[in-house]
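Peer 1: Quick note, the sequences are listed as chains A and B, same order. All you need for the numbering used here is the position in the first sequence, starting with 1, plus 2. All you need for the numbering used here is the position in the second sequence, starting with 1, plus 2.
There are 2 protein chains.
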Amino acid sequence: MSDHFLALDWGTTNLRAWVADRDGKVRLRRDFPLGVAGLAPGEAAQRFAADVRPAMAAEQLPAVLCGMIGSTLGWQAVAYADCPASFAALQGALHRIDQPGAPVWIVPGVRTQRADGCGPDVMRGEETHIFGWAMSEASRQRGTHLICHPGTHAKWARLVDNRLENFVTAMTGELFALLRQHSALRVVEAIENEDAFELGLKASGDGGALASRLFTARSRVVGGDMPSDQVESYLSGLLIGAEVAATPALLGVAAPARVAIIGDLALCARYRRALTWHGFEADVFDGEAAVLAGLAALYRGV
Amino acid sequence: MSDHFLALDWGTTNLRAWVADRDGKVRLRRDFPLGVAGLAPGEAAQRFAADVRPAMAAEQLPAVLCGMIGSTLGWQAVAYADCPASFAALQGALHRIDQPGAPVWIVPGVRTQRADGCGPDVMRGEETHIFGWAMSEASRQRGTHLICHPGTHAKWARLVDNRLENFVTAMTGELFALLRQHSALRVVEAIENEDAFELGLKASGDGGALASRLFTARSRVVGGDMPSDQVESYLSGLLIGAEVAATPALLGVAAPARVAIIGDLALCARYRRALTWHGFEADVFDGEAAVLAGLAALYRGV
Chain A
3 MSDHFLALDW
13 GTTNLRAWVA
23 DRDGKVRLRR
33 DFPLGVAGLA
43 PGEAAQRFAA
53 DVRPAMAAEQ
63 LPAVLCGMIG
73 STLGWQAVAY
83 ADCPASFAAL
93 QGALHRIDQP
103 GAPVWIVPGV
113 RTQRADGCGP
123 DVMRGEETHI
133 FGWAMSEASR
143 QRGTHLICHP
153 GTHAKWARLV
163 DNRLENFVTA
173 MTGELFALLR
183 QHSALRVVEA
193 IENEDAFELG
203 LKASGDGGAL
213 ASRLFTARSR
223 VVGGDMPSDQ
233 VESYLSGLLI
243 GAEVAATPAL
253 LGVAAPARVA
263 IIGDLALCAR
273 YRRALTWHGF
283 EADVFDGEAA
293 VLAGLAALYR
303 GV
Chain B
3 MSDHFLALDW
13 GTTNLRAWVA
23 DRDGKVRLRR
33 DFPLGVAGLA
43 PGEAAQRFAA
53 DVRPAMAAEQ
63 LPAVLCGMIG
73 STLGWQAVAY
83 ADCPASFAAL
93 QGALHRIDQP
103 GAPVWIVPGV
113 RTQRADGCGP
123 DVMRGEETHI
133 FGWAMSEASR
143 QRGTHLICHP
153 GTHAKWARLV
163 DNRLENFVTA
173 MTGELFALLR
183 QHSALRVVEA
193 IENEDAFELG
203 LKASGDGGAL
213 ASRLFTARSR
223 VVGGDMPSDQ
233 VESYLSGLLI
243 GAEVAATPAL
253 LGVAAPARVA
263 IIGDLALCAR
273 YRRALTWHGF
283 EADVFDGEAA
293 VLAGLAALYR
303 GV
């Protein structure tokens, strides 16, 4: 197998691509505005061949793809692996598609039954970040870890002796976007404000009664308590605070547990602040390094 | 003063108008698509004179207006009355505007300090429904009542010996609209489904971790647990269930208290089901009758 490969984190809104070696060392990196949400049926394979591979000079390189590209909206629906899921199970469920030049493998998503009895929960892409993080943090692999992967649909996962035991989603990022774009709390002018973020954390309480607490972003402005340019930071603190206050309990975890936050570093910093506020210990890890480590590990196994 | 008057419930998205006598007996009723959200500055007064009054044959009738028409977006910003607020306080704070033919009175909104420490909360319009309900239910006026007024921004209020002691808002209706129109849970085809509504009630739990529970509306579909045409009913049950499970506690009330639900009868029926599920007793009252009773009582006092 080739020493280099094409690593793709192909999500709903964006495609991030690297040419890397088997250890994940990067030779080339590029983003494409080819999120799965914007693709017509059949378009993923065509864009991959016509746009992505040539732009990465990767016509002859094998490729490993994770994310929503493995959903019905993407290239091809790849069956979920079920929790508890080991890295070996993920490896064994890679979906191979033969392509001119070299093959493509799509990483399966993972499905679980939620511990709160509310049916299944699903992820596509975050499993690769999570296992990549575990691979890179060799000394810390064994034992139990609580992982938070913030984003549009944030994932909270329990990793036990390197197996993904269970996880749960919180659609905090999506609620934030909906509220700031379309709601009565619509943000016209925003200034990042640390104090407003902290006021939002305080208002998050125990994470309950969210539909009521959210309204305070409006009533504080209408009632003369807060300038409207602070609503965005306040909302961010309130939503993230409510998430970190209530979600770990769905996995049977409570403060003062230690949480590994994996993702965009600016967003991770906000989560760390919220976790600290709610009595957790938190460490931040770069999501890009994690997913690349996961894709490289999967490539080494094909 | 004239025996008949023009009663207007002039809200964000709609204007409901009646010509009624001093006891609230209706002679004429009409809705206008003139919600304040769609009005330009200064347009309210002009529409009132040019459209509403002529259509109601009310050029010579005094008028009493409640709702968002008293906000900065409406005809004129009318200062809030503060909690605890009596009917007499509301009456005394009516804002008079002299108009050709007969005067107009705008009912003030009410402001409170939230018991959860999250700053002020506000209402405009619901105070007239609430006092109107108390007026009509003469035998039940005294004592403590917990009132739920569902809607875009649902209001929960404690009425003690006919005074509005405190209240809190839950933006459940707005979250429902945002999620069904703009989110990953977007509803394409919906069939009203009682079982899905009840499944949503079950999934509401104690009202906590809402951002996580909401995602189950998607993961149940993607995970093969629920047909997509049931998402709307499920979401409705989940959001209303979470609201009734968590909001009364913000007013110091817990099940099995008795709740008076005032509003649109179909929506009230959903709230009654959710309240019963969570152990409350609930009675439903027509919101139109309530606001008309409130406006008539205010008219009798001018």
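For glycine and all other residues, C-beta sits at the position ideal for the given N, C-alpha and C.
Counting pairs of Cβ atoms below 8 Å between the region 102-120 of chain A and the region 4-13 of chain B, do you hit three or more?
Peer 2: No, because fewer than three Cβ pairs between the region 102-120 of chain A and the region 4-13 of chain B fall closer than 8 Å, the two stretches do not touch.
Peer 1: Taking beta-carbon pairs under 7 Å, can you tell me which members of the region 216-239 of chain B lie near chain A?
Peer 2: Those residues of the region 216-239 of chain B that come within reach of chain A (Cβ to Cβ, closer than 7 Å) are Leu216, Phe217, Thr218, Ser221, Arg222, Val224, Gly225 and Asp227.
Peer 1: If you scan the region 229-303 of chain A from start to end, which runs of the alpha helix (DSSP H) of 4 or more residues do you find wholly inside it?
Peer 2: 233-252, 267-279 and 289-303
Peer 1: From this set, Thr15(A), Tyr236(A), Val28(A) and Ala52(A), which residue's C-alpha is nearest Pro35(A)'s C-alpha?
Peer 2: Taking the first residue of the first sequence as 1, we reach residue 35(A) at position 33. Of the listed residues, the one whose Cα sits closest to Pro35(A) is Thr15(A).
Peer 1: Any idea which residues DSSP pairs Gly72(A) with across the strands?
Peer 2: The residue labelled residue 72(A) in the question sits at position 70 within the first sequence. None, per the DSSP bridge assignment.
Peer 1: Judging by CA-CA distance, which residue of Ala57(A), Ser230(A), Val66(A) and Leu181(A) is the nearest neighbour of Gly303(A)?
Peer 2: As a first step, residue 303(A) is located in the first sequence; it is residue number 301 there, counting from the start. Among Ala57(A), Ser230(A), Val66(A) and Leu181(A), the Cα nearest to that of Gly303(A) is on Val66(A).
Peer 1: Within a Cβ cutoff of 7 Å, which residues of the same chain sit near Arg24(A), ignoring the five residues on either side of it in sequence?
Peer 2: As a position in the first sequence, residue 24(A) is number 22, starting the count at 1. Here the set comprises Asp5, Ala298, Tyr301 and Arg302.
Peer 1: Just how far apart, CA to CA, sit Glu196(B) and Ser235(B)?
Peer 2: Within the second sequence, the letter at position 194 stands for residue 196(B). Within the second sequence, the letter at position 233 stands for residue 235(B). When rounded, the distance between both Cα atoms is 7 Å.
Peer 1: Considering Arg144(B), what are the terminal residues of the alpha helix (DSSP H) in which it resides?
Peer 2: In the second sequence, counting from the first residue as 1, residue 144(B) sits at position 142. From DSSP, Arg144(B) is part of no alpha helix (DSSP H); its letter is neither H nor E.
Peer 1: Where does Gln62(B) sit, in a helix, a strand or coil, going by DSSP?
Peer 2: The residue you call residue 62(B) lines up with position 60 of the second sequence. Note: Gln62(B) maps to coil in three-state DSSP.
Peer 1: With the cut-off set at 9 Å, would you say Phe199(B) and Ala136(B) are in Cβ contact?
Peer 2: Residue numbering aside, residue 199(B) sits at position 197 when the second sequence is read from its first letter. Residue numbering aside, residue 136(B) sits at position 134 when the second sequence is read from its first letter. Contact: no.
Peer 1: Just to confirm, are Glu245(A) and Ala156(A) a CB contact at a threshold of 9 Å?
Peer 2: Stepping through the first sequence from its first residue, residue 245(A) is reached at position 243. Stepping through the first sequence from its first residue, residue 156(A) is reached at position 154. Contact flag set, yes.
Peer 1: So Ile264(B) and His151(B) are supposed to be a Cβ contact under 8 Å. How far apart are they, rounded?
Peer 2: Numbered from its first residue, the second sequence carries residue 264(B) at position 262. Numbered from its first residue, the second sequence carries residue 151(B) at position 149. Sure, about 5 Å apart at Cβ, within 8 Å.
Peer 1: Counting only Cβ-Cβ distances shorter than 9 Å, please list the residues of the region 185-219 of chain A near chain B, keeping chain order.
Peer 2: Ser185, Ala186, Leu187, Leu201, Lys204, Ala205, Gly207, Asp208, Gly209, Gly210, Ala211, Leu212, Ala213, Ser214, Arg215, Leu216, Phe217 and Thr218
Peer 1: Whole-angstrom Cβ separation of Gly76(B) and Val109(B), contact assumed at under 8 Å?
Peer 2: Residue 76(B) sits at position 74 when you count from the first residue of the second sequence. Residue 109(B) sits at position 107 when you count from the first residue of the second sequence. At roughly 11 Å, the Cβ-Cβ gap does not stay under 8 Å, so Gly76(B) and Val109(B) are not in contact.
Peer 1: Excluding five sequence neighbours on each side, which residues of the same chain lie with their C-beta closer than 6 Å to the C-beta of Asp285(B)?
Peer 2: Your numbering for residue 285(B) matches position 283 in the second sequence. Once the five neighbours on either side are set aside, the close Cβ partners of Asp285(B) are Ala262.
Peer 1: Can you give the Cα-Cα distance for Asp53(B) and Arg220(A), rounded to whole angstroms?
Peer 2: Translated into the one-based positions of the second sequence, residue 53(B) becomes position 51. Translated into the one-based positions of the first sequence, residue 220(A) becomes position 218. Each residue's alpha carbon lies about 32 Å from the other.
Peer 1: Between Thr154(A) and chain B, is any beta-carbon pair separated by less than 9 Å?
Peer 2: What you label residue 154(A) is simply residue 152 of the first sequence in a count that begins at 1. At least one chain B Cβ lies under 9 Å of Thr154(A).
Peer 1: In its own chain, which residues sit with a C-beta less than 6 Å from the C-beta of Asp123(A), not counting the 5 before and 5 after it?
Peer 2: What you label residue 123(A) is simply residue 121 of the first sequence in a count that begins at 1. For Asp123(A), where only same-chain residues beyond five positions count, the Cβ hits under 6 Å are Thr114, Arg116, Val170 and Thr171.
Peer 1: Closer than 8 Å, Cβ to Cβ, to anything on chain B: give me those residues from the region 164-180 of chain A, in chain order.
Peer 2: Val170, Thr171, Ala172, Met173, Thr174, Glu176, Leu177 and Leu180
Peer 1: Drop a sphere of 10 angstroms on the beta-carbon of Arg188(B), count the other beta-carbons inside from all chains shown, and report buried for 16 or more, exposed for fewer.
Peer 2: In the second sequence, residue 188(B) corresponds to position 186, counting from 1. Its Cβ having fewer than 16 others within 10 Å, Arg188(B) is exposed.
Peer 1: Out of Cys120(B), Asp100(B) and Gly13(B), which has the shortest C-alpha to C-alpha gap to Thr218(A)?
Peer 2: Locating residue 218(A) in the first sequence gives position 216, where the first residue counts as 1. That would be Cys120(B), whose Cα lies nearest to the Cα of Thr218(A).
Peer 1: Using a 10 Å radius around the Cβ and a threshold of 16 neighbouring Cβ atoms, would you call Met190(B) buried or exposed?
Peer 2: On the second sequence, position 188 is the one that residue 190(B) refers to. A small correction: the amino acid at residue 190(B) is Val; Met does not occupy that position in the sequence shown. Taking a 10 Å sphere around the C-beta of Val190(B), we find fewer than 16 other C-beta atoms and assign the residue as exposed.
Peer 1: Give every residue of the same chain whose Cβ lies closer than 8 Å to the Cβ of Pro229(B), excluding the five residues on either side of it in the sequence, and list them in chain order.
Peer 2: Numbered from 1 along the second sequence, position 227 holds the residue referred to as residue 229(B). Excluding residues within five positions, the ones whose Cβ falls inside 8 Å are Val223.
Peer 1: When we look at the beta-carbon of Asp11(B) and count the other beta-carbons within 10 Å, is it buried (16 or more) or exposed?
Peer 2: The residue given as residue 11(B) occupies position 9 in the second sequence. Buried.
Peer 1: Just checking: is the beta-carbon of Gly119(A) within a distance shorter than 9 Å of some beta-carbon in chain B?
Peer 2: Sequence index remark: in the first sequence, residue 119(A) carries index 117 (1-based). Closer than 9 Å to some Cβ of chain B, the Cβ of Gly119(A) qualifies, so yes.
Peer 1: Check this for me: beta carbons of Leu181(A) and Leu203(A), under 9 Å apart or not?
Peer 2: Locating residue 181(A) in the first sequence gives position 179, where the first residue counts as 1. Locating residue 203(A) in the first sequence gives position 201, where the first residue counts as 1. Their beta carbons are not under 9 Å apart, which means Leu181(A) does not touch Leu203(A) by this criterion.
Peer 1: Report the three-state DSSP secondary structure of Trp135(B) (helix, strand or coil).
Peer 2: For the purposes of this step, residue 135(B) is identified with residue 133 of the second sequence, where counting begins at 1. When secondary structure is reduced to three states using DSSP, Trp135(B) falls in the helix class.
Peer 1: Is DSSP giving Arg126(B) helix, strand or coil here?
Peer 2: Position 124 of the second sequence, counted from the start, is the residue given in the question as residue 126(B). For Arg126(B), the secondary structure class from DSSP, reduced to helix, strand or coil, is coil.
Peer 1: With DSSP collapsed to three states, give me the class of Asn184(B).
Peer 2: Taking the second sequence and counting its residues from 1, one reaches residue 184(B) at position 182. Checking the displayed sequence, the identity of residue 184(B) turns out to be His instead of Asn. Here His184(B) sits in helix by DSSP.
Peer 1: Under a three-way DSSP split, which group does Arg165(A) fall into?
Peer 2: Taking the first sequence and counting its residues from 1, the one referred to as residue 165(A) is at position 163. Reduced to three states, the DSSP call for Arg165(A) is strand.
Peer 1: Find out if the Cβ-Cβ distance for the pair Val112(A), Leu92(A) is shorter than 9 Å.
Peer 2: Stepping through the first sequence from its first residue, residue 112(A) is reached at position 110. Stepping through the first sequence from its first residue, residue 92(A) is reached at position 90. Yes; because the gap between Cβ atoms is below 9 Å, this pair is in contact.
Peer 1: On the DSSP letters alone, give me the boundaries of the alpha helix (DSSP H) that Gln115(A) sits inside.
Peer 2: Here residue 115(A) refers to the residue found at position 113 when the first sequence is read from its first residue. Premise fails: Gln115(A) lies in the beta strand (DSSP E), Val112 to Gln115, not in any alpha helix (DSSP H).
Peer 1: Rounded to the nearest angstrom, what separates Arg31(A) and Leu17(A) at their Cα positions?
Peer 2: Walking along the first sequence from the start, residue 31(A) turns up at place 29. Walking along the first sequence from the start, residue 17(A) turns up at place 15. Computed Cα separation, rounded: 11 Å.
Peer 1: From the DSSP output, in three-state form, read off Gly190(A) for me.
Peer 2: Within the first sequence, numbered from 1, the residue matching residue 190(A) stands at position 188. Sequence check: residue 190(A) is Val here, not Gly. Three-state result, Val190(A): coil.
Peer 1: Could you name the residues of the same chain whose beta carbon sits closer than 6 Å to that of Val162(B), not counting the 5 residues immediately before and after it, in chain order?
Peer 2: Residue 162(B) sits at position 160 when you count from the first residue of the second sequence. Answer for Val162(B): Thr146, listed in chain order.
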